[in-house]
Structure formats: structure tokens, C-alpha cells
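In the working numbering, the protein residues as written are 124 to 270.
Here's the structure we're looking at; comments come further down.
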Amino acid sequence: METHSGPLGTFLTTSSGKSLYVFASDTATKSNCSGGCASFWPPLTVKGTPTVSGDAQASITTLTRSDGSKQVVYNGHPLYTYLEDTKAGDTNGQGSDNFGAKWWLLAPSGQPIEGSGSGSASSPSSSSPSSSSPSSSSAGGGGGGWA
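Encoded structure:
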């Protein structure tokens, strides 16, 4: 786990830059996201001991899911990625209420970031009128530093 910054502030990510989310209906010892929910919100699981780097400093543990896998728990929050986040820095799941409760990014302090985001920390804003050369790389270099 690492930390990265975007429009919503500093939040936790996987080592490849995928944003990490918490599900408001979970507890520190039980994930309430399985089946179809876990297909859209894949749990962050580990085989050994989870590690953190950067500004991540809260308590990190695991819980055992119903399928026997070990899900990472950060400061009492089971962690997930989001299927619609296709590249490092995307935050498309922020504020979603899929599967009956809210989904939030998680700050290094271990507190959920409860706010709406632009959907992607590396997408260009509509204030950039330059569209003379369409490109498949819409980050414009702003996504540098994602490990």
C-alpha cells in the first residue's frame, strides 16, 4: 500500500496506484461485500503480511473472508479497489452508494474521505480547450509518479 494525492487530498492506493476504498456497511472484523458486490469492488487481499509505505501509518491487519482469503484492514476498515478505476489515480467509485452503502477513499490517517471527486485524478479538466490532437493518453503527464 502507498499514498497518492489528487483533487480530494491524499489517499491510499495499491503499489500500482489503484485507489483503495472503504464500504460504509463493513465493520473491522467483517466484510459485507461479497458475490456481485465483490465483482465490482474487489477486496484487497494478501497471502502474507500486508505492508505500507509513504505516509500510510495507521494500524494494518487482516480479516478472513467467507471464501477463506485474507482481506487487508486499515485502521478498522476492510479495503477494496473498484472495477471502473481503469488506470492509476482514477477515483470513479468515490461517493458511490452501490450495494446499499457509501464507498469512500481512505486517508493515510485511516479516516474515510467523504466528498465527491472529479472521477479521475489524472483526467484533463473541461477548462482545457486544446483539442487539436486527440490522444489516447489523456493524463497530459499529470499522472507521473504512480508506482
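The beta-carbon is built from N, C-alpha and C at its ideal position, and this holds for glycine as well.
| Item | Value |
| --- | --- |
| Classification of K153 by the beta-carbon crowding that lies within 10 angstroms, buried from 16 upward | exposed |
| Burial state of G140 (16 or more Cβ within 10 Å) | buried |
| Test: V145 CB closer than 7 Å to a CB of chain C | Any reference to chain C falls outside this structure, which holds one protein chain only. |
| Limits of the alpha helix (DSSP H) - the one that G159 falls within | G159 to F163 |
| Helix, strand or coil at G223 [DSSP, three-state] | helix |
| Stretch pair the stretch 183 to 196 + the stretch 131 to 140: three plus CB contacts closer than 8 Å | no |
| Span separating the alpha-carbon of Q217 from that of S232 | 17 Å |
| Where L206 sits in the DSSP three-state scheme | coil |
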